[in-house]
Amino acid sequence: MARDPSSLDADFFSELRKHYTEEQIVELGAFIGFNIGYHTFFGTLKFYPMFSPDGRLVSQEESERIYGAAPVSLTAREAG
Amino acid sequence: MPVLTPLPLDAITDPELRQVLAEGERLGVPDALFPRILALAPTQGKALLRALIMSHRDGNVDHKLKEIIRIRLARVAGDPYFAALRSRAAQARGLTENAVEAGSGDYESSPLFTDAEKASVHRDRGGALRPRGVRTRNARGNRSVPL
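So the sequence lines, in the order shown, correspond to chains A and B.
Letter by letter, the first sequence follows residues 533 to 612 in the working numbering.
Letter by letter, the second sequence follows residues 3 to 149 in the working numbering.
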């Protein structure tokens with residue numbers, strides 16, 4: 533759904549139905565679609581978690597140093 | 003600094019917004035910063051926060067699986083904030099960083115996934131609809147248990 537929605541064809545959903553109820557398929561689809569949307573917007577706003585991994589309240593500058601200007605990119609991983 | 007300046011916490015007086023903010027704080031996703039930015043548009047912000055928390059926390063799909071999917075999607079979108087956050091509820095139920103990394107990384111060679119799961123993750127290419135979710139093998143052998 534995130535990068536290649538055209539791959540979610542009838543065969544894919546047939547396979548999915550073997551393991552998930554239709555209610556669960558809708559639940560997952562809604563959850564994923566929702567996340568794709570707001571991550572896309574909020575990924576542009578350059579903000580970082582308020583806390584370090586050990587629970588310290590940190591500034592945005594320190595948080596950026598801790599977590600990086602961008603998460604480990606799946607696209608970059610695959611390109612590498 | 004964030005592109006948009008978050009509202010100070012004490013400037014958020016809407017009781018419903020404060021309630022969903024507290025729920026996010028309890029869950030750990032999001033921390034207080036995200037609601038403070040959403041509070042710039044309180045009507046939309048409340049609706050988004052409610053939907054976010056409900057879709058993540060509630061339902062009939064394993065919360066740990068959703069957390070793995072959520073982190074993968076944040077990484078796909080290049081969202082450093084949500085990629086770094088972790089659900090306390092998912093961690094309390096046994097979610098590990100190994101599972102998170104496997105879900106976002108080289109799942110094809112990961113022992114945390116069954117062959118069927120790898121095939122479905124491969125087809126999806128977005129870390130999304132994965133039959134029966136991520137499973138791990140227990141110490142007694144190949145019986146898989148839900149994460």
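Heads up, the beta-carbon is just placed ideally off N, CA and C, and yes, glycines get one too.
Predicted, not measured: the structure shown is a model, and the values here were computed from it.
From this set, the options, which residue's C-alpha is nearest residue i's C-alpha?
i	options	result
D81 of chain B	B:F36, B:P10, B:P17 and B:L23	B:F36
H551 of chain A	B:N62, B:V31 and B:M3	B:N62
G565 of chain A	B:A104, B:S112, B:D64 and B:L75	B:L75
P585 of chain A	B:P113, B:A86, B:G47 and B:L19	B:A86
A49 of chain B	A:F545, A:L589, A:Y570 and A:S591	A:Y570
S89 of chain B	B:G105, B:G47, B:P113 and B:G26	B:G26
T45 of chain B	B:A24, B:D60, B:L19 and B:H65	B:L19
H65 of chain B	A:E559, A:L548 and A:E547	A:E559
T7 of chain B	A:G575, A:F579, A:R549 and A:A601	A:F579
Going by the beta-carbon positions, is the gap between residue i and residue j smaller than 8 Å?
i	j	result
I55 of chain B	L29 of chain B	yes
D12 of chain B	F583 of chain A	no
A101 of chain B	I70 of chain B	yes
A43 of chain B	I14 of chain B	no
I39 of chain B	L540 of chain A	no
V78 of chain B	A534 of chain A	yes
L83 of chain B	P581 of chain A	Checking the sequence, you will find Tyr at residue 83 of chain B rather than Leu. A contact, by the Cβ cut-off of 8 Å.
K68 of chain B	F545 of chain A	no
Within 10 Å of its beta-carbon, does residue i have 16 or more other beta-carbons around it, so buried, or fewer, so exposed?
i	result
V22 of chain B	buried
A94 of chain B	exposed
S595 of chain A	buried
S57 of chain B	buried
Y599 of chain A	buried
R597 of chain A	exposed
F573 of chain A	exposed
N567 of chain A	buried
R72 of chain B	buried
G587 of chain A	exposed
P10 of chain B	exposed
V5 of chain B	exposed
R125 of chain B	For R125 of chain B, the predicted model reports a pLDDT of 41, less than 50, meaning its position is unreliable; a value from the coordinates is still stated below. Classification of R125 of chain B: buried, given that the 10 Å Cβ count is 16 or more.
A608 of chain A	Interpretation of A608 of chain A is limited by its pLDDT of 47, a score under 50 that renders its predicted location unreliable; no figure is taken from the coordinates.
A542 of chain A	exposed
A104 of chain B	buried
P17 of chain B	exposed
S591 of chain A	exposed
S111 of chain B	exposed
S122 of chain B	Note that S122 of chain B scores a pLDDT of 43, beneath 50, so its modelled location is shaky and nothing firm can be said.
L589 of chain A	exposed
Identify the contact partners of residue i in chain A, using a Cβ-Cβ distance below 8 Å as the criterion.
i	result
I33 of chain B	The question names Ile, yet the displayed sequence has Asp at residue 33 of chain B. Under the 8 Å cutoff, chain A gives P581, M582 and F583.
Going along chain A, which residues have a C-beta under 7 Å from residue i?
i	result
P4 of chain B	L577, K578, F579 and Q592
V63 of chain B	Q556, E559 and L560
Can you pull the chain B residues whose beta carbon is under 7 Å from the beta carbon of residue i, in chain order?
i	result
G600 of chain A	P82
Taking residue i as the query, report the chain B residues whose CB atoms sit under 8 Å from its CB, ordered along the chain.
i	result
A542 of chain A	Simply none; closest approach about 12 Å.
Contacting positions in the stretch 554–571 of chain A - beta carbon closer than 8 Å to chain B = E555, Q556, I557, E559, L560, G561, A562, F563, I564, F566, N567, I568, Y570 and H571
The stretch 68–97 of chain B: positions lying closer than 8 Å to chain A by Cβ = K68, I71, R72, R74, L75, A76, R77, V78, A79, G80, D81, P82, Y83, F84, A85, A86 and L87
What residues in the stretch 41–61 of chain B bring their beta carbon closer than 8 Å to a beta carbon of chain A?
-> L50, A53, L54, S57, H58 and G61
Using a Cβ-Cβ cut-off of less than 7 Å, list which residues of the stretch 8–25 of chain B approach chain D; keep chain order.
-> Of the protein chains in this structure, namely A and B, none is chain D.
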